[in-house]
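Counting from 1, position 51 in the sequence shown corresponds to residue 51 in UniProt numbering; the numbering is continuous, with no gaps.
Ideal placement from N, C-alpha and C gives every residue a C-beta, glycine not left out.
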Amino acid sequence: MEFTTEGLAALSKAIAIVGTGFASAWAEKVIGAAAVGAMVENESLFGKALVLTVLPETIVIFGLVVAILI
1 MEFTTEGLAA LSKAIAIVGT GFASAWAEKV IGAAAVGAMV ENESLFGKAL
51 VLTVLPETIV IFGLVVAILI
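Here it is, written out as structure tokens:
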């Protein structure tokens with residue numbers, strides 16, 4: 001089996017995007033559950049919960065930047 005640099009670069013890009021996608025999904029699940037629980041007790045926390053729920057999406061953006069730079 002012969003490895004080419006183009007194939008390894010494509011594999012590296014896929015790992016960067018898929019890894020950050022899974023990490024972001026897991027973080028969003030945990031933060032989202034906690035945010036909903038907090039909003040049940042205090043509705044004024046909606047703005048903070050929204051920001052904290054969207055924050056893990058930056059992980060995917062970092063993975064995309066790394067994949068573009070490879």
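Local conformation of residue i per DSSP, three classes
| i | result |
| --- | --- |
| I31 | helix |
| E2 | coil |
Where residue i falls, given that 16 or more other Cβ within 10 Å makes a residue buried
| i | result |
| --- | --- |
| T58 | exposed |
| A49 | buried |
| G7 | exposed |
Integer Cβ distance of residue i from residue j, believed to fall under 8 Å
| i | j | result |
| --- | --- | --- |
| A25 | L52 | Between L52 and A25 the Cβ distance is about 15 Å, and since that is not below 8 Å, they are no contact. |
At what residue ranges does the UniProt domain "V-ATPase proteolipid subunit C-like" (14-70) contain a whole run of the alpha helix (DSSP H), taking only runs of 4 or more? Entirely contained in the UniProt domain "V-ATPase proteolipid subunit C-like" (14-70), the alpha helix (DSSP H) runs reaching 4 residues are, in chain order, 46-54 and 57-69.
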